[in-house]
Amino acid sequence: MAIIDRGNIKQQNRPKKSFCVFIIVAFTIVIMIISLLHPQELNNTPHDSPAPARITFSTHAPIYIDGNAGFLGPNASTGISWGSGTASDPYIIADWDINASSANGIDVRNSDVNFTIRNCYIHDGVGNIYYGISLNNVSNGSMIDNICSNNWFGIYPYSSSNNIMSNNNCSNNNWGILMRYSGNNILSNNTCRVNNYEGIVIDNLCSNNILSNNNCSNNNDDGIYIDQSSNNTLSNNNCSNGDYGIIITASSSNNVLSNNICSWNNLYGIAIYSSSNNTLSNNNCSNNDYGIWLEMSSHNIISNNTCISNEYDGILLYISSNNNSLSNNTCSKSWAGIDLYSSHHNTLINNKCSNNSEGIHFEDSSNNNLFDNNCSSNDYHGIYFDSSNNNNYLSNNNCSSNIENGIYLYHSSNNTLRNNTCSNNYNGIYIADSNNNTLIDNNCSFNDEDGIFLFQSSNNNNLINNTCSNNDYGIDLSLSFGNKLCNNTCISNLGDGFIFYSSDNNTLSNNNCSSNNGKGIVLIDSRNNNIIWNQLCYNGWEGIYISDSDCSNNTIWNNTFIDNNGASSTYDPSHIQARDDGTNNWWNSTEGYGNYWSDWTTPDNVPPWGIVDNPYNISGSAGAKDYYPQTNAPIIPEPSIIILAGIMMMIFLIIGRARKKP
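Residue numbers (numbering that gives the first Met the number 0): 0 to 661.
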């Protein structure tokens with residue numbers, strides 16, 4: 000039995016006081032010199048051979064126990080100090096120094112009696128592939144306060160369940176703790192650092208194990224590795240300064256990871272490969288290459304994690320990572336806060352993706368839902384859809400104060416953007432080469448350039464009830480066709496409310512284009528547009544400006560022009576409210592309705608009633624006239640009930656589908 004050194008010091012023959020003082024001062028100086036020369040060695044734990052100061056180990060040969068009866072052999076072979084094998088009186092193996100270079104240090108097999116291995120120092124099995132402590136088909140064992148150093152495995156439970164491993168130091172091995180085909184074990188407060196490979200491995204059908212408060216940092220490979228194992232719980236572990244902090248792979252499901260520190264790793268904080276239905280919450284995955292990485296992994300829940308200052312992405316869903324739920328994560332100071340690549344049907348709710356290069360980035364990812372995310376103050380875009388991102392639904396996201404765009408859709412179609420705030424960016428919403436998108440109720444104000452910009456073959460999009468005020472331009476279309484713009488508010492912009500460049504066959508109806516410093520609506524090289532029922536009031540320049548001869552066959556009727564270009568209630572040729580330098584544009588409908596001009600409301604002495612008897616002369620080289628100017632401002636009709644019902648039905652279906660997902 001090992002000898003306990005209780006530090007008893009005999010009191011007789013004390014040295015003189017002056018000599019004691021000299022010894023203390025000299026010892027203090029030596030310690031200070033050592034700390035200055037080797038500061039890391041004093042603080043670097045664990046050491047290669049850390050032995051507790053209170054224990055004096057006794058040397059023992061490797062211990063081998065097979066079966067319950069094996070514990071009953073002579074103490075010289077079993078190393079048992081005392082105990083009877085019951086829960087209240089377990090067999091005790093304690094305080095041994097065991098060199099494992101010729102066999103596993105302590106090897107227990109085929110046992111279900113209660114036993115405890117504690118305060119043993121087991122070492123040097125690595126050269127001949129021996130383990131510190133090995134369990135094979137064992138239950139009811141406790142491994143407590145042991146030091147397992149320089150072994151192949153520090154502790155190796157195989158096909159062993161209902162065991163406890165606590166407060167062990169399994170450092171400087173090939174693997175700290177490696178467990179296979181084992182369940183219902185508890186691993187707590189172990190130190191598994193500075194191993195050649197992983198700190199802790201849970202491999203091959205290990206289930207219902209609890210890993211808590213383990214220090215698995217500074218390993219050459221990974222902190223904790225889970226392979227083909229499910230229903231395990233990992234909490235409050237430190238898995239930093241390796242390649243991977245925690246890795247879950249090969250169809251490992253229903254694992255719960257919470258409050259782990261997975262930072263400062265060379266590659267990933269937490270990585271999940273081909274594994275589903277895992278839950279990650281409240282983990283700190285910062286200062287890695289990637290904070291959290293999912294690949295070909297579905298139906299996972301990722302919530303309340305902190306992923307800050309990662310080199311690339313805070314959270315990445317990569318290749319067929321579908322039907323995952325990401326909520327309340329903080330993903331800042333990385334390239335992308337959250338990044339989806341070829342991943343579909345995911346839900347992102349209330350994540351903070353600020354102060355990155357890009358807040359949320361999608362590529363080739365469809366049918367995802369984004370609600371209530373904060374994607375502000377990023378170097379480029381708040382939310383960026385890059386190539387073939389279709390049928391996504393974005394609602395109530397804050398995409399403000401980004402250096403470039405609040406939301407940027409490129410080559411992405413059939414998406415719905417509803418009630419997002421995209422203010423104080425360069426552009427609020429930028430859509431390029433993207434078709435059949437619906438933008439409804441978005442606030443795109445106070446941007447440096449455009450509130451909403453449709454560019455280069457962005458066709459057949461619907462813009463409804465958006466507010467685009469206090470920008471340089473409200474809504475800008477360039478090389479875009481067949482779009483419908485209805486009930487948008489584009490007021491108080493520094494330049495123009497709407498500007499169309501080389502954009503044909505668009506419809507503008509029921510929009511408020513007022514109080515802009517420039518013009519209400521501008522057409523440049525644009526044809527066959529239909530401009531009806533718009534409010535064009537108090538603009539600094541013309542309400543509508545058709546700029547060149549390539550603008551042709553545009554139809555403008557039932558619009559309200561009030562006091563644009565300095566006009567008053569009296570017609571003044573130097574303050575005409577519209578200009579047409581185009582070709583064959585129509586300022587009336589075929590039914591005989593023109594527009595309302597606040598400076599041209601009388602006379603109306605002959606039928607048709609409600610029409611000013613004389614045409615309104617429009618300035619410009621076209622010599623255009625409104626032949627049927629209206630005496631009263633048209634009553635703007637409500638949008639078609641059928642159209643609104645269809646839009647609302649689509650929105651409710653999308654929301655309903657999203658809420659059903661985890």
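Beta carbons: idealized from backbone N, C-alpha and C, even for Gly.
State buried or exposed for residue i, treating a residue as buried only when at least 16 other CB atoms are found within 10 Å of its CB.
i, result
"I402", "exposed"
"A68", "exposed"
"V200", "buried"
"K583", "Looking at the sequence provided, one finds Asn at residue 583 rather than Lys. That one is exposed."
"M648", "For M648, the predicted structure reports a pLDDT of 46, less than 50, and the residue's modelled location is therefore unreliable. A value from the coordinates is still provided. Under this definition M648 is an exposed residue."
"T601", "exposed"
"T58", "exposed"
"N631", "exposed"
"D226", "buried"
"V29", "Residue confidence is low: V29 scores 39 on pLDDT, short of 50, so the model does not pin down where it sits. Its coordinate-derived value is still stated next. Counting Cβ neighbours within 10 Å, V29 comes out exposed, since fewer than 16 surround it."
"T55", "exposed"
"E310", "exposed"
"Y157", "buried"
"N573", "A quick correction: the sequence has Ser, not Asn, at residue 573. Exposed: under 16 other Cβ atoms inside 10 Å."
Whole angstroms is fine: what's the gap from residue i's alpha carbon to residue j's?
i, j, result
"S87", "R108", "21 Å"
"L709", "G336", "For the chain, the structure presents residues 0 to 661; residue 709 sits outside this window and is missing."
"G405", "K518", "25 Å"
"N163", "N304", "Checking the displayed sequence, the identity of residue 163 turns out to be Ile instead of Asn. So the alpha carbons of these two residues sit roughly 29 Å apart."
"S411", "D524", "26 Å"
"T569", "F560", "13 Å"
"S399", "T115", "60 Å"
"N511", "N366", "33 Å"
"N529", "F480", "12 Å"
"A621", "S386", "42 Å"
"A566", "S513", "14 Å"
"F361", "N276", "22 Å"
"I663", "N321", "An answer regarding residue 663 cannot be provided, because it is not within the stretch 0 to 661 covered by the chain."
"D94", "I146", "10 Å"
"N172", "G241", "15 Å"
"D579", "I498", "15 Å"
"W334", "K483", "35 Å"
"I555", "L369", "38 Å"
"Y626", "Y409", "43 Å"
"L186", "Y407", "47 Å"
"G126", "V137", "26 Å"
For the alpha helix (DSSP H) that contains residue i, what are its first and last residues?
i, result
"A75", "74-77"
Opposite residue i in the DSSP bridges: which residues?
i, result
"K624", "N616"
"I132", "I105, I154"
"N696", "Because the chain spans 0 through 661 in this model, residue 696 falls outside it and cannot be assessed."
"Y383", "H360, Y407"
"F56", "According to DSSP, F56 bridges with nothing at all."
"F114", "Y90, G140"
"Q629", "Y595, I610"
"Y196", "Bridge partners of Y196: none, in fact."
"I163", "S141, I185"
"T466", "N442, T488"
"W585", "T554"
"C190", "Contrary to the premise, residue 190 reads as Thr rather than Cys in this sequence. According to DSSP, which records beta bridges pairwise, T190 is partnered with N168, N214."
"T559", "Q534, Y595"
If I follow the unbroken beta strand (DSSP E) through residue i, where does it start and stop?
i, result
"Q534", "534-536"
"V255", "255-257"
"N397", "Note, N397: premise wrong, no beta strand (DSSP E); not H, not E."
"E294", "289-294"
"S234", "232-234"
"C485", "483-485"
"L478", "First-last for L478: undefined, no H or E at that position."
"W95", "95-98"
"H122", "120-122"
"C489", "Taken as a continuous stretch (DSSP letters only), C489 belongs to no beta strand (DSSP E), as it is neither H nor E."
"W334", "That residue, W334, is in no beta strand (DSSP E); it is neither H nor E in DSSP."
"W556", "554-556"
"L438", "437-439"
"S324", "324-326"
"A577", "577-579"
"F454", "449-454"
Compute every distance between the C-beta of residue i and the non-hydrogen atoms of the ligand MG, then say whether any falls below 7 Å.
i, result
"I116", "Ligands displayed in this structure: none; no statement on the ligand MG is therefore possible."
Residue i CB to nearest chain C CB: under 8 Å?
i, result
"W81", "Annotation note: the requested chain C is absent from the structure, which comprises a single protein chain."
- Can you list, in chain order, the stretches of the beta strand (DSSP E) that have 3 or more residues and sit fully within the segment 243-281? Inside the segment 243-281, DSSP marks whole beta strand (DSSP E) runs of 3 or more residues at positions 243-248, 255-257, 267-272, 278-280, from first to last along the chain.
- Message: Which complete beta strand (DSSP E) runs does the segment 501-549 hold, if anything under 3 residues is left out?
- Response: Considered as a whole, the segment 501-549 harbours 506-508, 520-523, 529-531, 534-536, 543-545 as its complete beta strand (DSSP E) runs of no fewer than 3 residues, in chain order.
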